[in-house]
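Chains as they are written, first to last, in this note's numbering: chain E, 1145 to 1337; chain W, 1145 to 1337; chain U, 1145 to 1337; chain C, 1145 to 1337; chain S, 1145 to 1337; chain Y, 1145 to 1337.
Protein chains: 6
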Amino acid sequence: MADNQISRFPVPELKELPEDIRDRILAVQEKSGFVPNVFLALAHRPDEFRAFFAYHDALMEKEGGLTKGEREMIVVTTSGLNQCIYCVVAHGAILRIREKNSLLADQLATNYRKADITPRQKVMLDFAVKVSLNAYEISESDIEKMHQHGFSVEDIWDIGAIAAFFSLSNRMANLTSMRPNDEFYLLGRIAKD
Amino acid sequence: MADNQISRFPVPELKELPEDIRDRILAVQEKSGFVPNVFLALAHRPDEFRAFFAYHDALMEKEGGLTKGEREMIVVTTSGLNQCIYCVVAHGAILRIREKNSLLADQLATNYRKADITPRQKVMLDFAVKVSLNAYEISESDIEKMHQHGFSVEDIWDIGAIAAFFSLSNRMANLTSMRPNDEFYLLGRIAKD
Amino acid sequence: MADNQISRFPVPELKELPEDIRDRILAVQEKSGFVPNVFLALAHRPDEFRAFFAYHDALMEKEGGLTKGEREMIVVTTSGLNQCIYCVVAHGAILRIREKNSLLADQLATNYRKADITPRQKVMLDFAVKVSLNAYEISESDIEKMHQHGFSVEDIWDIGAIAAFFSLSNRMANLTSMRPNDEFYLLGRIAKD
Amino acid sequence: MADNQISRFPVPELKELPEDIRDRILAVQEKSGFVPNVFLALAHRPDEFRAFFAYHDALMEKEGGLTKGEREMIVVTTSGLNQCIYCVVAHGAILRIREKNSLLADQLATNYRKADITPRQKVMLDFAVKVSLNAYEISESDIEKMHQHGFSVEDIWDIGAIAAFFSLSNRMANLTSMRPNDEFYLLGRIAKD
Amino acid sequence: MADNQISRFPVPELKELPEDIRDRILAVQEKSGFVPNVFLALAHRPDEFRAFFAYHDALMEKEGGLTKGEREMIVVTTSGLNQCIYCVVAHGAILRIREKNSLLADQLATNYRKADITPRQKVMLDFAVKVSLNAYEISESDIEKMHQHGFSVEDIWDIGAIAAFFSLSNRMANLTSMRPNDEFYLLGRIAKD
Amino acid sequence: MADNQISRFPVPELKELPEDIRDRILAVQEKSGFVPNVFLALAHRPDEFRAFFAYHDALMEKEGGLTKGEREMIVVTTSGLNQCIYCVVAHGAILRIREKNSLLADQLATNYRKADITPRQKVMLDFAVKVSLNAYEISESDIEKMHQHGFSVEDIWDIGAIAAFFSLSNRMANLTSMRPNDEFYLLGRIAKD
């Protein structure tokens, strides 16, 4: 792959894109100050782009029993185990911002078992990792253990579904050799970032 | 899990569902003669349902260099390795119908290396399996090998994206303990089915 | 491998075979209506053929605490994990017939943890899978757990020995690229089969 | 398991055994000076005993392209990887005697890739290990590679079948917690043994 | 583990330590501005401490064909695969400083195959990873491949020995649950750091 | 590798070596009657040699709660799993001598779960194996289990540190293709050895 290219597949120009996709990208740019490369890399396929971000938002932006920071913990942990640079770097930045914690993302990306999390979050991540790596072994006893730690039926769906969605996302990022924007690496590492 | 239930999560009644989802389900029922359980199990979360099927259709129903039967080969093969009963049984049925071949699905679900496929399809499935199980190792040399066997850039995206999407799908099915409809097991096994 | 050949090793003509082997094969043909390919593929080595089927019958045909259907469950489950098309397809057919259940074999071949079996059968299959994949870890605590679920010493030997024997059988089938007869795929799928 | 017991399953008295089995055991005792425990442990099931040793002899005692020492190399190497104490210790002794080499068995049991063997024997063991651990991946290209190193079709069957048979044997030994006789450990280690 | 403790084993006070160890620690503190926790955690065992750092310096501080930055690449890559937070975070910081590159450490810790490195460095890391994860498979063909990419005999020893030493180091850090100092996370991320 | 060479890297002549290293080697030779090859192979790098043996002695020669025989059990068990011929053969000999037991080393090298050890030693080896193979999973519950079996904090460090040190040692031996001296194979196998 040539240095610094965003994807090993063709990346469209903004002006070539359908209007709804261009609008979404411009909105993100306005909010974040830059366009995360996942938007450009996936815009190669507009229909898949729309479904991908609709799914993402349905899981990551909705109300629910998990905080937004906890959802990012699931993303960073499972993406580390799936060796996905894009998701670790980009969602690591979001996690630092959401949790106002500059250390946690690097810990979770390497070994969630030793990160600065609560015992309940450890149980949450154990379940997410099992869905990500060995979903075929998920049994009623896993579900019961989650309930014992206070997770509701809807929480369990959320945790499992986020792990499942990023199993897709990690594979797309590794398939396309998606490159994280340089901006993500430093985001949220310095107070008042 | 109680015998024969569709999902370990709540399954909505058709009448409770948003109209667009109910319409989609009724359309499938009319076409297939029954409602595949994946529609009911995922309808528990309407927004995720919409994104899931939009993504599915964008990959499985579009025009492209792969036949629809070949796409189902990818699904059955990777779902077998991910030990997902729902996807093996349901997509095995679709594969039998698409390919008018009553043997291939059972072969691919167990060991695609020894199935009745062409050498080019073997290369396609090798790539799909690598994306499904070890996407972090996908390199330019994998891409080049695909080109040598005549797969275009768009074909490679299709193959990888189908494997990635069913990585999500397999995990949702195992998370929810989704049960395939009994109808699927026999579909496409008898000529003029 | 050329299309539809039975084995990648030489396959003898019936008339070339020693009389006892030919008789056995003709008896199977009379009973089943066709000669399962395993008989022809292994007949390449008459002494090994005799030992193989003597061993098989000693485990699968004898009286004992396990039903014949349960023995086939062990075969189908472990053969699925060992990715052996011949054993999954041929013993899947036998299982459907023995259990008068057209769904169970496809479930067990993909993920026995989610199949329509009793909790006691789940324990039986957990043990069989451990013998098949990690026999070096079998300890007294595994044996004790089996006793707690009502399995006798002889049952435990039966379960472990069937898993061990099909570890051999699965490897011979994959070594020879043994092809299941087309007849097996549909057997037992339709009532009154 | 109680100290020094032969098997975790019942072990019959010689006098209780069917005559043919008792005769075989007495013959081994006369030849070797002791009764290898595998004969006593498996005699718990006379029919399985007969099939097991018939199979063993068909592979290990017959004429063929592999020397008897090479066959034992396959047994020791694959049994080491399968963590089977009985087979490593007992067949290690036989290998030392057959090859008149007091070092080779311990090397092969730990890491065959670095043992004192010829390049052709290394190829033989690579194939045997693939059959033992990943038989589902055996393809025509493996077979062709074997031919390039001078192995005939019958040699390839022998190598694969020995690896397959000891996959059974290793599992039976680990299932029964079969204990090697103390005599085996020193056999063949001293010249003129 | 209590929050923010350095090690799950006792951590000595500086004043209790043998003079040579205290001097080494004070020298590091003067140079770095803080005492990396590995010095305090390992000081629990003075003799092991001395051997550990003597070994470390013999590999990481000596002259040789690898740049100091390349040696840190080996550490960060293999420590990521071994899921060692301490080594990823601490040596990630050193790598950023050595290479004056604020992105590379996070890339290597997640997936070295897609990091901003040269093809020759990719070969170096493939070899280091093989020593770290599958050293028993290292063969002459691996050595020859290294020579073809211009690595000398001494370079190969260096690469392998660094991977081997950090196999020890990663295990000690995970055994002790060694916590990286907060200072490391930001070091080398901002120009003129 | 040429037959019977000690290492695939250059091996220095005794007379070329720094005096302290030569003295150490001569002392070993006087005590053992031969020079174990690890001393010659590692002498290629004097500084690493000094650190290696200082570390080794700090763990293996010190006083402590584990007997010297138990420390060798850890070495032989983990080296078997890491497929390291040198360490299995050389430390197998030392273990036979330390424990005055001619069988134990061969058992532990193949499958420690079925060796002639006490339940407490089994717990010790379970912990050592976890540090050797999956140190990233070591948690407080592992530590607590060790305390329940009577292991002190210092014992736990010893066990883990020996497993960690031989993770280095096994990799150096496999990297260098280090050959055990022929003398080791028979040592300790005959009473009054």
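C-beta atoms are modelled at their ideal positions from N, C-alpha and C, and glycine is treated no differently.
Three-state secondary structure (DSSP) of residue i
| i | result |
| --- | --- |
| S1246 of chain S | coil |
| V1155 of chain E | coil |
| N1404 of chain U | Because chain U is modelled from 1145 through 1337, residue 1404 of chain U falls outside the range shown and cannot be assessed. |
| A1254 of chain Y | Checking the sequence, you will find Thr at residue 1254 of chain Y rather than Ala. Note: T1254 of chain Y maps to helix in three-state DSSP. |
| G1213 of chain Y | helix |
| R1240 of chain C | helix |
| D1260 of chain C | coil |
| A1234 of chain U | helix |
| E1207 of chain Y | coil |
| I1218 of chain U | helix |
| L1331 of chain C | coil |
| A1146 of chain U | Because A1146 of chain U sits at a pLDDT of 43, beneath the cut-off of 50, its placement in the model cannot be relied upon, and the point is left open. |
| P1324 of chain E | coil |
N-terminal and C-terminal residue of the alpha helix (DSSP H) that residue i is part of
| i | result |
| --- | --- |
| F1193 of chain E | P1190 to M1204 |
| Q1227 of chain W | First-last for Q1227 of chain W: undefined, no H or E at that position. |
| S1311 of chain W | V1297 to T1320 |
| A1272 of chain Y | P1263 to N1278 |
| Q1103 of chain E | No statement about residue 1103 of chain E is possible, as the shown extent of chain E runs from 1145 to 1337 and does not include it. |
| E1288 of chain Y | E1284 to Q1292 |
CB-CB length for residue i against residue j, believed under 8 Å
| i | j | result |
| --- | --- | --- |
| A1259 of chain W | L1248 of chain W | 6 Å |
| A1308 of chain E | I1218 of chain E | About 10 Å separates the two Cβ atoms, so there is no contact after all. |
| Q1265 of chain W | E1216 of chain W | No, Q1265 of chain W and E1216 of chain W are not in contact; Cβ-Cβ is about 12 Å, not under 8 Å. |
| P1180 of chain U | N1325 of chain U | 6 Å |
| Q1251 of chain C | I1229 of chain Y | 5 Å |
| S1246 of chain Y | Y1329 of chain C | 6 Å |
| G1209 of chain E | E1284 of chain E | With a Cβ gap of about 20 Å, G1209 of chain E and E1284 of chain E do not count as contacting. |
| A1198 of chain E | A1198 of chain W | 7 Å |
| H1200 of chain Y | P1154 of chain Y | The Cβ separation is near 22 Å, so there is no contact. |
| R1166 of chain U | L1158 of chain U | 6 Å |
Residue nearest to residue i in terms of C-alpha spacing, selected from the options
| i | options | result |
| --- | --- | --- |
| C1341 of chain E | E:I1334, E:A1335 and E:N1318 | Since the first residue shown for chain E is 1145 and the last is 1337, residue 1341 of chain E is missing from the structure and cannot be characterised. |
| D1164 of chain Y | Y:T1222, Y:F1193 and Y:L1269 | Y:F1193 |
| L1186 of chain U | U:F1178, U:F1196 and U:I1282 | U:F1196 |
| V1086 of chain Y | Y:L1225, Y:M1322, Y:K1206 and Y:G1209 | Because chain Y spans 1145 through 1337 in this model, residue 1086 of chain Y falls outside it and cannot be assessed. |
| L1203 of chain Y | Y:A1335, Y:A1305 and Y:S1313 | Y:A1305 |
| G1332 of chain W | W:I1238, W:Y1199 and W:E1281 | W:I1238 |
| L1184 of chain E | E:D1201, E:H1200, E:E1205 and E:L1161 | E:L1161 |
| V1095 of chain U | U:R1166, U:E1288 and U:S1276 | In the structure displayed, chain U extends from 1145 to 1337; residue 1095 of chain U sits before or after that span and is not available. |
| E1327 of chain U | W:M1322, W:E1327, W:I1334 and W:R1323 | W:I1334 |
| S1223 of chain Y | Y:D1201, Y:L1269, Y:E1243 and Y:R1242 | Y:L1269 |
| K1206 of chain W | W:R1323, W:I1303, W:M1316 and W:L1158 | W:I1303 |
| Q1292 of chain W | W:P1263, W:T1211 and W:R1166 | W:P1263 |
| I1241 of chain W | W:Q1227, W:K1212, W:V1267 and W:I1261 | W:K1212 |
Check: residue i C-beta below 6 Å from any heavy atom of the ligand FAD
| i | result |
| --- | --- |
| L1312 of chain W | Inclusion of the ligand FAD in the displayed structure is not the case, the ligand content being empty and no account of it being possible. |
For the structure I just gave you, are there three or more beta carbon pairs, one from the region 1149-1160 of chain U and one from the region 1237-1257 of chain W, closer than 8 Å? no
| message | For the structure I just gave you, are there three or more beta carbon pairs, one from the region 1165-1180 of chain Y and one from the region 1161-1181 of chain W, closer than 8 Å? | response | no
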